[in-house]
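S.K.: Dropping a structure here in structure tokens format, bear with me for questions.
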Amino acid sequence: MAIEAGADAIGIVHAAGSPRTVDLPTARALVDHVAGRATTVLVVKGIAPEPAAEAAREAGVDVLQVHGYDRERTGRALELFPRIWRATSPGGDFDPWGEELLLIDSPRAGSGERWDLRALLQRRPSGPWMLAGGLDPDNVARAVLDARPAGVDVSSGVESAPGVKDLERIRRFAAAARSST
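Numbering (the working numbering), first residue to last: 16 to 196.
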């Protein structure tokens, strides 16, 4: 669904308590379905680096996206899995820790909660980064124009209900994001 709408990467959530979480056999089936048409990303939170990396290998994803990791845990994850995207909040550490990409998300990732992009006017990440948090088809174009990220990440902003993606919202989001680049 997302690939046909123009997504470059597909996030597969493996985080306890999320309405979007999937088990590893389902994650593997999704990776097999995508079959090289997009970058596959296993999104984890509340999982130590060792089981997170093992889950990423078992699912067969391209990238492991870690939420809530400090510098030490990020370093350990990098020893265990070759491609790490690290998520942080607007008040978090933007310095590169060796990750491939930094994801700047709202303080409550996955909540759909918007945050004030003016925080990025005072300090900018020095490496590649993506914008997330409260984005939807109606605000993504303005957010991209204002923040100038390398990419955007969305989940709840393209759902009709928690955990239920809406194809039309995905299409509108992708079109709006691309229109502002």
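Here a beta-carbon is modelled for each residue, glycine too, at the ideal position from N, C-alpha and C.
1. Who pairs with H82 in a beta bridge, going by DSSP?
2. Grab me the residues of A24's own chain with a C-beta within less than 6 Å of its C-beta, minus the 5 sequence neighbours each way, in chain order.
3. On the CB-based measure, 16 or more other CB atoms within 10 Å of its CB, does S171 come out buried or exposed?
4. Leaving aside the five residues before and after D120 along the sequence, list all residues of the same chain whose C-beta is less than 8 Å from its C-beta, in chain order.
5. How is G166 classed by DSSP in three states: helix, strand or coil?
6. Quick check on this structure: which residue in R72, I18, V59, A192 has the alpha carbon closest to the alpha carbon of V37?
7. Span of the beta strand (DSSP E) holding S175?
8. Please list the terminal residues of the continuous beta strand (DSSP E) segment that includes A44.
9. From G178, R157, A176, pick the residue whose C-alpha is nearest to that of A192; which is it?
10. Can you give the Cα-Cα distance for R86 and W112, rounded to whole angstroms?
11. CB I27 to CB A50, shorter than 8 Å?
M.R.: Let me lay it out:
1. Note: H82 sits in a beta bridge opposite K60, A102.
2. For A24, where only same-chain residues beyond five positions count, the Cβ hits under 6 Å are A53, T54, V56.
3. Classification for S171: buried.
4. H82, A102, T103, S104, A147, G148, D168
5. strand
6. V59
7. 174-176
8. From DSSP, A44 is part of no beta strand (DSSP E) but of the alpha helix (DSSP H) over 39-49.
9. R157
10. 6 Å
11. no
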